[in-house]
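S.K.: Sharing a structure, written as structure tokens. Questions coming.
Numbering (the numbering used here), first residue to last: 48 to 231.
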């Protein structure tokens with residue numbers, strides 16, 4: 048029996064030897080897995096940080112694009128208003144020339160050309176956004192009217208009695224207030 052016991056002990060010791068090298072391999076594998084998981088966690092964190100950075104940069108760029116477009120639009124409106132203001136004396140001259148035409152007599156070809164040129168000019172400016180400021184008999188509004196004369200009236204409210212020079216607004220902003228005589 049002693050031979051069998053020895054033989055069994057040898058087999059058992061072989062089994063122990065076979066299992067003992069596997070334990071360090073499992074430990075090494077577990078350490079490698081932990082290291083890989085740590086590295087993966089770090090990479091995932093770095094990826095998330097980069098994604099957040101990209102999203103912030105994209106939002107910043109979108110805001111910059113919108114701000115630039117808005118500023119360009121405002122600058123274009125400012126320049127358009129400047130050009131319109133520069134053209135108002137031409138409109139005044141055309142209005143004055145038309146007012147001096149003798150409306151009772153038959154109009155000459157030159158007079159008709161003047162009237163149609165003025166009409167075309169006014170239509171073009173109107174399409175661009177030019178509007179006349181309210182004129183005679185409108186309530187006086189210092190935002191739209193520049194009172195240069197005052198006459199006594201029969202009420203407490205002030206109204207525009209006469210327009211001495213037409214006023215205009217362009218896209219909602221007053222380009223030139225109307226020069227008026229106020230009654231009241």
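C-beta: ideal position from N, C-alpha, C; glycine also. Since the model is a prediction, treat every value here as computed from it, not as a measurement.
Given a cut-off of 8 Å, decide if residue 180 and residue 197 are closer than it, judged by their beta-carbon atoms.
M.R.: For the purposes of this step, residue 197 is identified with residue 150 of the chain shown, where counting begins at 1. For the purposes of this step, residue 180 is identified with residue 133 of the chain shown, where counting begins at 1. Not in contact: residue 197 and residue 180 (Cβ atoms no closer than 8 Å).
S.K.: Helix, strand or coil: which one does DSSP assign to residue 178?
M.R.: Against the chain shown, residue 178 aligns to sequence position 131. Residue 178 falls in the strand class under three-state DSSP.
S.K.: Going by C-alpha to C-alpha distance, which of 95, 92, 182, 110 sits closest to residue 209?
M.R.: The residue you call residue 209 lines up with position 162 of the chain shown. The shortest C-alpha separation from residue 209 is found at 182.
S.K.: Do the CB positions of residue 215 and residue 223 come within less than 8 Å of each other?
M.R.: Position 168 of the chain shown, counted from the first residue, corresponds to residue 215. Position 176 of the chain shown, counted from the first residue, corresponds to residue 223. Yes; because the gap between Cβ atoms is below 8 Å, this pair is in contact.
S.K.: Should residue 80 be labelled buried (16 or more other beta-carbon atoms within 10 Å of its own) or exposed?
M.R.: Counting from 1 along the chain shown, the entry for residue 80 is found at position 33. Looking at its Cβ environment, which holds fewer than 16 other Cβ atoms inside 10 Å, residue 80 is exposed.
S.K.: Does the Cβ of residue 177 have 16 or more other Cβ atoms within 10 Å, making it buried, or fewer, making it exposed?
M.R.: As a position in the chain shown, residue 177 is number 130, starting the count at 1. With 16 or more other Cβ atoms within 10 Å, it is buried.
S.K.: Give the DSSP-derived three-state secondary structure of residue 191 in the structure shown.
M.R.: Locating residue 191 in the chain shown gives position 144, where the first residue counts as 1. DSSP places residue 191 in coil when its eight states are reduced to three.
S.K.: Give the single residue among 167, 141, 93 whose Cα lies nearest to the Cα of residue 212.
M.R.: The residue given as residue 212 occupies position 165 in the chain shown. Closest by alpha carbon: 141.
S.K.: What's the call for residue 131, buried or exposed, on a 16-neighbour Cβ count within 10 Å?
M.R.: On the chain shown, position 84 is the one that residue 131 refers to. Buried: at least 16 other Cβ atoms inside 10 Å.
S.K.: Using only the alpha-carbon positions, how far apart do residue 190 and residue 138 sit?
M.R.: On the chain shown, residue 190 is found 143 positions in, with the first residue counted as 1. On the chain shown, residue 138 is found 91 positions in, with the first residue counted as 1. Roughly 21 Å between the two C-alpha positions.
S.K.: What does the alpha-carbon distance come out to for the pair residue 165 and residue 135?
M.R.: Residue 165 sits at position 118 when you count from the first residue of the chain shown. Residue 135 sits at position 88 when you count from the first residue of the chain shown. Taking the straight line from one Cα to the other gives about 12 Å.
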